[in-house]
Amino acid sequence: MSVNKFIWTGVEKTLGFSGIVSSINGAVVYSYIIFLNERVKINKLYATLSSISFSMFILILIYFEFYTRMLIGLIISAIVVFIMAEKTLKTIDKKTEMKLIKNSKSSIKVRLYLPILYVIVIFFSFQLFPKNFAQGNVLTNFFIHYLGFIIGIATFFVLNEKYK
Numbered sequence: 007m008s009v010n011k012f013i014w015t016g017v018e019k020t021l022g023f024s025g026i027v028s029s030i031n032g033a034v035v036y037s038y039i040i041f042l043n044e045r046v047k048i049n050k051l052y053a054t055l056s057s058i059s060f061s062m063f064i065l066i067l068i069y070f071e072f073y074t075r076m077l078i079g080l081i082i083s084a085i086v087v088f089i090m091a092e093k094t095l096k097t098i099d100k101k102t103e104m105k106l107i108k109n110s111k112s113s114i115k116v117r118l119y120l121p122i123l124y125v126i127v128i129f130f131s132f133q134l135f136p137k138n139f140a141q142g143n144v145l146t147n148f149f150i151h152y153l154g155f156i157i158g159i160a161t162f163f164v165l166n167e168k169y170k
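Now the structure itself:
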């Protein structure tokens with residue numbers, strides 16, 4: 007099954023299970039977004055788009071080479087990440103956040119809720135997207151890893167919105 011419809015030509019077939027594991031990782035990211043929504047009333051759509059665009063930025067950054075298409079992709083994805091992160095930050099309900107800070111023993115813990123989302127995305131991105139995708143005679147299909155990760159986040163977003 008050929009998966010190369012884009013400029014990356016490192017892999018030609020997939021066996022499937024890595025995409026499933028990647029989508030489970032995406033579901034973990036979305037479960038943290040649900041946690042943020044319940045705790046500080048964050049907008050799930052902006053948080054979902056923010057985490058997806060941030061993983062795209064990390065993917066481009068890992069496989070970055072100096073030529074025009076990659077540089078344009080890196081700049082555009084950085085702008086999208088910044089805009090989505092700013093919109094996500096603005097959706098935090100300040101009254102709920104202040105109430106949590108008052109009731110919590112540590113205000114730092116409450117203030118780190120949103121940055122932890124990006125740390126989780128960074129952790130999973132570096133786990134799923136190896137720098138050397140050719141290891142011996144085996145090729146790691148990083149594009150399927152990325153698609154599985156995004157599908158995991160997006161699927162659970164859609165399911166959560168449908169079955170509220």
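Residues 7 to 170 in the numbering used here are what the sequence shown spells out, letter by letter.
Just so you know, even glycine gets a beta-carbon here, dropped at the ideal spot from N, CA and C.
Bear in mind the structure is a predicted one, so any value in this text is a computation, not a measurement.
Given residue i as reference, the closest of the options once Cα atoms are compared
i      : options                           : result
Val4   : Gly32, Leu153 and Glu44           : It is not possible to answer for residue 4, since the shown part of the chain is limited to 7 through 170.
Ile30  : Thr146, Ser131 and Lys137         : Ser131
Val35  : Lys168, Ile128, Phe149 and Phe148 : Ile128
Ser28  : Leu153, Tyr124, Glu167 and Tyr169 : Leu153
Leu123 : Glu167, Tyr38, Leu51 and Lys93    : Tyr38
For residue i, the three-state DSSP class (helix, strand or coil)
i      : result
Asn48  : First, the amino acid is wrong: residue 48 is Ile here, not Asn. Looking at Ile48 - three-state DSSP - the assignment turns out to be coil, as it is neither helix nor strand.
Leu65  : helix
Ile157 : helix
Asn10  : Confidence in Asn10 is poor, its pLDDT being 48 and thus under 50, which makes the residue's placement unreliable; the coordinate value appears in the next sentence. In the structure shown, Asn10 sits in coil (DSSP, three-state: anything other than H, G, I, E or B).
Tyr152 : helix
Phe72  : coil
Asn147 : coil
Glu92  : helix
Pro121 : helix
Ser110 : coil
CB contact flag (residue i, residue j, <8 Å)
i     : j      : result
His2  : Leu134 : This structure cannot settle anything about residue 2, because the visible part of the chain is limited to 7 through 170.
Leu95 : Leu42  : no
Ile66 : Lys137 : no
Ser61 : Ile156 : yes
Chain-order list of residues whose beta-carbon lies under 7 Å from that of residue i (same chain, five-residue window excluded)
i      : result
Ala33  : Gly158 and Phe162
Phe63  : Ser83, Ala84 and Val87
Glu167 : none
Thr97  : Ile48, Asn49 and Tyr52
Cβ-based neighbour list, residue i, same chain, cut-off 6 Å, excluding 5 preceding and 5 following
i      : result
Glu103 : Val46
Lys93  : Tyr52
Chain-order list of residues whose beta-carbon lies under 8 Å from that of residue i (same chain, five-residue window excluded)
i     : result
Ser59 : Ser83, Val86, Val87 and Met90
Ile81 : none
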